[in-house]
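Below is one structure, written out as structure tokens; the observations come after it.
In the working numbering, the protein residues as written are 150 to 215.
Below, the structure written as structure tokens:
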């Protein structure tokens, strides 16, 4: 149970760091608004959802057997 909790927490922290950096850069460039940040968060979560399993396979050296 604690491992899952730690994994969820670190994923949330990593998302917050990347989101904060992108939000800071966009605010600096003059792009802002509630809708923009909602779309940005959705796109980032979708990318993470799509590449997450492949990253685990690559980092753990998973080989599928038949």
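The beta carbon of each residue, even a glycine, is placed where N, CA and C say it ideally should be. These figures come from a predicted structure and were not determined experimentally.
Residue i versus the options, residue with shortest Cα-Cα distance
| i | options | result |
| --- | --- | --- |
| residue 163 | 209, 183, 190, 179 | 190 |
| residue 166 | 180, 193, 151 | 193 |
| residue 161 | 197, 214, 205 | 197 |
| residue 168 | 155, 188, 201 | 188 |
| residue 156 | 195, 205, 211 | 205 |
Same chain, Cβ closer than 6 Å to residue i, neighbours up to 5 away in sequence not counted
| i | result |
| --- | --- |
| residue 195 | none |
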